[in-house]
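Have a look at the structure below before the remarks.
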Amino acid sequence: MTDAAATLDDISEEYAFLEGDDRYRLLVDLGRALEPMPDALKTDATLVRGCSASVWVYPAVRDDGRLHFLADSNAHITKGIIALVLLTVQDRTPAEILSTDIEGALAPFDLKAQLSSNRTQGIPNMIALIRETATRYAA
């Protein structure tokens with residue numbers, strides 16, 4: 021179910037039925053399904069601070085003003101987590117992103133209970149970077 025058409029709700033339903041290692045596999049599959057991010061965009065400027073793994077997030081503005089994010093990580097599970105985060109905001113307007121309860125949308129996954137604190141410590145920083153980007157483009 022991890023194709024591009026999968027919604028956060030679809031993935032949440034699937035995740036709820038899984039346990040342990042299968043949940044990890046689902047996250048890894050989500051990460052693998054991310055649109056490739058060119059290495060040239062993996063710079064200090066696109067690096068998310070405070071993550072135990074390296075995570076890069078690059079925003080692009082579409083002609084219609086919607087934000088499209090490219091993201092990557094050097095850790096498979098972390099790449100899956102950023103894929104989940106992006107499902108909440110991808111291809112939305114800055115105003116829509118700013119009004120989205122990203123944390124609430126991710127709550128059904130209970131990532132803090134499922135993953136080590138090392139894996140989840142960067143999630144607030146990923147979300148903050150996306151919100152800062154949306155704020156910049158909303159102005």
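Our numbering numbers the first residue of the sequence shown as 21 and each following residue consecutively. Even glycine gets a Cβ: it sits at the ideal position worked out from N, Cα and C.
Item, Value
"Give me whichever residues DSSP pairs with Asp-92 in a beta bridge.", "Trp-76"
"For a quick check, are the C-beta atoms of Leu-50 and Gly-85 less than 9 Å apart?", "no"
"Measuring alpha carbon to alpha carbon, tell me which residue in Ala-127, Glu-152, Ala-73, Thr-113 is nearest Tyr-35.", "Ala-127"
"Keeping to the same chain, check which residues put their C-beta closer than 6 Å to that of Ala-154; ignore five residues upstream and five downstream.", "Pro-114, Ile-117, Leu-118"
"I'd like the list of long-range same chain contacts for Met-21, defined as Cβ closer than 8 Å, with 5 residues on each side in sequence excluded.", "The predicted model places Met-21 with a pLDDT of 38, which falls under 50 and marks its position as unreliable; any figure quoted below should be read in that light. Cβ neighbours of Met-21 beyond the five flanking positions: Asp-30, Ile-31, Glu-34."
"What does the Cβ neighbour count give for Pro-144, buried or exposed, with the cut at 16 atoms within 10 Å?", "exposed"
"Looking at the structure shown, is Leu-135 part of a helix, part of a strand, or coil, going by DSSP?", "coil"
"Short of 6 Å in beta carbon distance, which residues of its chain neighbour Trp-76, apart from the five on each side in sequence? Order them along the chain.", "Lys-62, Thr-66, Leu-67, Asp-92"
"What does a CB cutoff of less than 6 Å around Ala-95 pick up in its chain, not counting 5 residues either side in sequence?", "Ala-73"
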